[in-house]
Structure formats: structure tokens, C-alpha cells
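In this text, residue positions in the sequence shown follow my numbering: the first is 128, and each later residue adds one. A virtual CB, placed ideally from N, CA and C, is assigned to each residue, including glycine.
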Amino acid sequence: MDKTSDESALRREIVKTFQMHAFELKKEAVNLCVKLFLEQDKESRKKWMIKMVELLKKQTLQSSLISEELIRETFRQCKSKGAQEAGNLLNVFDAFDLPTYDYDPDLRKMILRKEKTSVAADSSSFSHAARQRFLLVKQRAMRCASLKHFKFTTCELLASSNKTIQSVVVLGMLVRQKWSAFARIRPLFKSWTPCDNVFWLFHPKIR
Numbered sequence: 128m129d130k131t132s133d134e135s136a137l138r139r140e141i142v143k144t145f146q147m148h149a150f151e152l153k154k155e156a157v158n159l160c161v162k163l164f165l166e167q168d169k170e171s172r173k174k175w176m177i178k179m180v181e182l183l184k185k186q187t188l189q190s191s192l193i194s195e196e197l198i199r200e201t202f203r204q205c206k207s208k209g210a211q212e213a214g215n216l217l218n219v220f221d222a223f224d225l226p227t228y229d230y231d232p233d234l235r236k237m238i239l240r241k242e243k244t245s246v247a248a249d250s251s252s253f254s255h256a257a258r259q260r261f262l263l264v265k266q267r268a269m270r271c272a273s274l275k276h277f278k279f280t281t282c283e284l285l286a287s288s289n290k291t292i293q294s295v296v297v298l299g300m301l302v303r304q305k306w307s308a309f310a311r312i313r314p315l316f317k318s319w320t321p322c323d324n325v326f327w328l329f330h331p332k333i334r
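As C-alpha cells, this is what we get:
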């Protein structure tokens, strides 16, 4: 196969690969990719194009039309990333310098914590930790198949109701205030001590 036929086949392969991932290359971008991949073998071409496509997917693009400048910058980032991964066999991170994220249930995503962490905890740290633990318990309960018929609401909403509700399933965390006291079930706003006339069911899926 001569050089012209090889370039034409490579051009079709490049266009097809990017189109499969919903990207459309401009003519100048295709020409640049041909220059970059012409001297490489088939496996290397496929490897580089997959890396570039994955990197483009992580970016916030205004359009699916890819320019020559964007292809050049993407190839440069892939090349520098590959060299960095080859040079660093072991990465050590300082846990105290890493940014702290909190899960926002309203936005349903992790949000960067703006406040600086300190060694001495403030008064709201315990309530915040208890609320985060309770959210984990609630998520496990909502994924449990045997509890899918229950409607989950907060204890604050039940306490503000002026009607008597006969059947209520309390979902909370068992805590122990001291070694001689029995565990208390703790919602987010108060704690209740288990009584003899109340049947306490410990579900095995959400312990």
C-alpha cells in the first residue's frame, strides 16, 4: 500500500473513531491527526485515539466540533500525562493537605468544604457527623428490597403533625452513652430509650 492510500485509510479511521464518540473533527484537525499517527503502528494509533477521546469527554465543550488547536492541546496533555505516569511509580499524598468534600443531598453531588478543618471540634461537629451517618443508614434502607413499600420522612415532620399516626417505623442509629446503659435509638433531634412495650426490629440488611 502506497503512502497516499495509507493516509486515506488513516483519515477514515480517525474520522470514524471520533464520530463513534459523538465528536466531529474539522478538516485541519483531521490533517493534524494524520501527521501525528502516520508513522505509528495500528495498535499505537488506537491507543492514542482512545486516550484523546477520553480526555475530551472529561472537558466541558461548547460544541461537538473539534478544532485543530483543541486536538493539539489534547495530544500534548496525553503525552505529558503518559510521561508523568511512567516516571512516578509511587505517589505519596498527605491526607492533611487533601481537600475535604461533603455530600449535598439537595444537589446530589460532592461539594468542596470551604471552612478550614481544625484539631479542636466545634459544637456543631457532632450533629454534622451524626447527620452524615444517618444519611448513610437512610440510603441503605432505601436500597433494601424489603423496605421499598415504606415512605421515608423526617422525625421533625412527624413531630410537627397534629394527627395521631398509628403505625410508624422509626429508622435511626443505636448509640451508647455509657457502658452501663442500654443502647438508645437516636433520630436527628432527640434520643429514645427502648421500652418493654415496644417491639424493636433490627433489620439485618441495614445494621
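1. In whole angstroms, give me the CA-to-CA distance for Ala136 and Lys143.
2. Using DSSP's beta-bridge definition, name the partner residues of Met237.
3. Would Gln259 and Asp233 be called neighbours here (beta carbons separated by less than 9 Å)?
4. Give me the residue from Lys185, Leu159, Val246, Ala272 with the minimum Cα distance to Glu196.
5. Quick check: what's the CA-CA separation for Asp133 versus Leu165?
6. Within the chosen definition, does the segment 220 to 229 reach the segment 186 to 206 through at least 3 CB pairs nearer than 8 Å?
7. Could you pull the start and end residues of the alpha helix (DSSP H) that Asn158 belongs to?
8. Relative to the alpha-carbon of Lys178, which residue among Asn289, Phe145, Lys241 has its alpha-carbon at the smallest distance?
9. Can you tell me whether DSSP reads Glu151 as helix, strand or coil?
10. Secondary structure at Leu192, three-state DSSP: helix, strand or coil?
Let's see:
1. Between the alpha carbons of Ala136 and Lys143 lies a gap of roughly 11 Å.
2. Looking at the DSSP output, Met237 sits in a beta bridge with Tyr230.
3. For Gln259 and Asp233, no; Cβs fall outside 9 Å.
4. Considering only alpha carbons, the answer is Leu159.
5. Taking the straight line from one Cα to the other gives about 8 Å.
6. As far as the Cβ criterion goes, the segment 220 to 229 does not touch the segment 186 to 206, which means the pair count is below three.
7. Unbroken alpha helix (DSSP H) run through Asn158: 154 to 164.
8. A check of alpha carbon separations from Lys178 across Asn289, Phe145, Lys241 identifies Phe145 as the nearest.
9. DSSP places Glu151 in strand when its eight states are reduced to three.
10. Reduced to three states, the DSSP call for Leu192 is strand.
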